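Take a look at the structure set out below.
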Amino acid sequence: MKIRKKITLWISGTALLSTIIFSSIIFFELMEEPFKFIDKEMQYMTEALAEKMKAPTINNDSYDLSGMPYNPDKYWIKVTDNSEKILYQSKITHYTDIPPSGNKTTYMVEKVIPRSQIWLGQDKEDDVLFRVLVTKGQLNQIPIEIRIAKPIEDLEEELIQLVRYISISLFICTLIIIFISYKLSGKILNPIVSITRMSKEISEKSLHQRIPLNRNKDELYDLSISLNKMFDRLQYSFQRQKEFIGNASHELKSPITLLMLAQEEMLMNEDLSSPASKGLMRQLDTTRRMSHLVRNLLDLSRLEQQSSSNREPVDMAALTNKVLNDYTDLFAAKNISLQNKMPKKIVFKGDQEKLVRLLINLIDNSIRYNFEKNGVVIVKGKETDRGINLEISNTGRMIPEEELELVFEQFYRVEKSRSINHGGSGLGLAIAKKIVELHSGTIAITNESDNFIKISVILPF
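Numbers given in the numbering used here equal positions in the sequence shown, counted from 1, plus 3.
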């Protein structure tokens with residue numbers, strides 16, 4: 004979706020949302036006021052009726068309801084005691100019954116009453132909407148319940164008509180807002196389009212060029228300065244990239260190539276037994292994967308200037324289990340005990356290929372720098388509200404506190420002789436850090452108790 008459309012949608016959405024909120028407030032205010040008035044009216048009637056019923060009945064049969072604030076015959080009224088005995092009921096109760104609705108004191112109910120029996124403002128289907136008020140009290144020390152309901156079908160029709168008017172008004176306002184927003188976004192983006200066109204003219208081979216600055220020191224002037232500074236950083240990054248490629252080629256390509264050649268030569272030996280041939284083939288596959296990984300890591304260095312990566316839903320638990328399964332033979336060969344404490348499923352949006360590289364580098368590092376005998380590797384993972392946390396701990400020699408942050412630098416070794424003996428190149432954790440940063444995450448290494456070294460990775464959603 005183009006930015007102009009996004010701006011149009013944002014402006015239109017904001018304006019439309021404000022209009023809807025304002026209209027909703029007005030509508031609910033208009034809708035609540037009549038009901039408040041009706042409830043007060045029925046409450047007034049209830050209190051007046053309760054007072055009238057305190058007086059003795061006429062001929063032990065009916066109550067004297069003269070002087071009531073409103074005509075009781077226009078209301079549905081039923082007064083019952085705790086044994087459901089009817090103490091009083093109005094005429095409308097003969098045409099329909101309105102049962103209680105749980106513990107609600109006010110509620111709405113719709114009934115069908117033929118207009119041929121009584122006129123209550125029915126609609127075409129003879130439906131009548133009632134507003135019901137339930138009041139409990141006492142009459143001469145006897146608990147009673149007064150249910151009073153008023154027909155409000157006319158009010159319902161007026162509210163429906165009001166909703167129609169508001170909906171039509173919102174539709175017209177939406178069309179006007181979209182038209183104005185589209186025109187406005189075009190004017191906003193015109194200068195940016197010009198800067199974009201000039202930025203496209205600056206390519207990898209012409210990073211020395213810069214965007215001309217306008218005389219007016221406005222926001223576009225600041226944008227041009229920011230872009231020029233970005234090109235400065237890009238130019239510097241390309242220079243660092245060349246140095247990185249040279250060092251990486253020297254450190255990684257040659258040893259892996261020699262290893263692959265040796266394994267391929269051994270596989271050509273016809274006297275090689277079948278189990279040994281299969282084991283050697285697995286080793287060759289792993290070596291080829293490492294060679295492929297090196298080439299991809301070199302490509303990754305060319306993307307250091309990127310602030311994000313292509314993301315898709317990835318099950319980190321399944322991905323971790325797959326990588327750990329690939330290292331099963333190596334764990335057994337190194338006499339290392341693996342404790343896999345990953346949950347069944349952790350879904351995260353990320354670049355799957357780069358996340359595989361991250362896991363391979365961290366697990367390989369935990370094996371490479373573990374104890375030679377009875378080593379332990381613990382892999383944990385959990386999902387939080389903000390992202391996922393991965394922890395890979397391994398037994399091994401502690402790292403000096405002042406060097407904990409340095410281990411993520413390119414080609415840095417805590418002990419060069421130790422790294423060489425273990426086949427380390429000083430790139431694994433540096434590459435892992437770059438992958439984590441591409442996912443806007445953080446990575447840290449700490450010394451734990453019982454000779455454990457823990458690497459913690461936090462990848463935000």
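Here a beta-carbon is modelled for each residue, glycine too, at the ideal position from N, C-alpha and C.
Bear in mind that the values here come from a model prediction, so they are computed numbers and not experimental data.
Measuring CB to CB, does residue 129 end up less than 8 Å from residue 118?
yes
What is the rounded straight-line gap between the Cα of residue 19 and the Cα of residue 176?
8 Å
So residue 37 and residue 132 are in contact, right, with Cβ under 8 Å, and what is the actual spacing, rounded?
About 12 Å; that fails the 8 Å criterion.
Under the assumption that residue 93 contacts residue 76 (Cβ atoms under 8 Å), give the Cβ distance between them as a whole number of angstroms.
The pair is a contact, with the Cβ atoms about 6 Å apart (cut-off 8 Å).
Secondary structure at residue 127, three-state DSSP: helix, strand or coil?
coil
Using the C-alpha atoms, what's the distance from residue 163 back to residue 82?
32 Å
Let me know if residue 420 comes out buried or exposed under the rule of 16 or more other beta-carbons within 10 Å of its beta-carbon.
Low confidence applies to residue 420: its pLDDT is 48, below 50, so where it sits in the model is not reliable enough to give any reading.
Does the Cβ-Cβ distance between residue 2 and residue 364 come in under 8 Å?
It is not possible to answer for residue 2, since the shown part of the chain is limited to 4 through 464.
Three or more C-beta pairs under 8 Å: does that hold for the segment 97 to 116 against the segment 166 to 186?
no
Going by C-alpha distance, which of 78, 56 and 67 is nearest residue 45?
78
Distance, Cα to Cα, residue 21 vs residue 6?
Just so you know, the alpha carbons of residue 21 and residue 6 end up roughly 22 Å apart.
Rounded to the nearest angstrom, what separates residue 333 and residue 259 at their Cα positions?
17 Å
Under 8 Å between the Cβ atoms of residue 58 and residue 149?
Taking 8 Å as the cut-off, the beta carbon of residue 58 is found no closer than this to the beta carbon of residue 149.
Does residue 220 come out as helix, strand or coil in the three-state DSSP assignment?
In the structure shown, residue 220 adopts coil according to DSSP, grouped into three states.
If you follow the beta strand (DSSP E) that residue 84 is in, where does it begin and where does it stop?
79 to 84
What is the DSSP secondary structure of residue 111, reduced to helix, strand or coil?
strand
Are the CB atoms of residue 270 and residue 287 within a distance shorter than 8 Å?
yes
Leaving aside the five residues before and after residue 409 along the sequence, list all residues of the same chain whose C-beta is less than 6 Å from its C-beta, in chain order.
415
Can you look up residue 13 in the DSSP assignment and give me helix, strand or coil?
helix
When the distance is taken between beta carbons, is residue 366 closer than 8 Å to residue 317?
Residue 366 is positioned such that its CB atom lies no closer than 8 Å to that of residue 317.
If we count the other Cβ atoms within 10 Å of its Cβ and call it buried at 16 or more, is residue 197 buried or exposed?
By the C-beta density criterion, residue 197 is exposed, having fewer than 16 other C-beta atoms within 10 angstroms.
Give the straight-line distance between the Cα atoms of residue 379 and residue 343, rounded to the nearest whole angstrom.
Looking at the backbone, the Cα of residue 379 and that of residue 343 are separated by about 11 Å.
I need the straight-line Cα distance from residue 374 to residue 357, nearest angstrom please.
The alpha-carbon of residue 374 is positioned some 28 Å away from that of residue 357.
Starting from residue 116, trace the alpha helix (DSSP H) both ways and give me its first and last residue.
Annotation: residue 116 is outside any alpha helix (DSSP H) and is labelled neither H nor E by DSSP.
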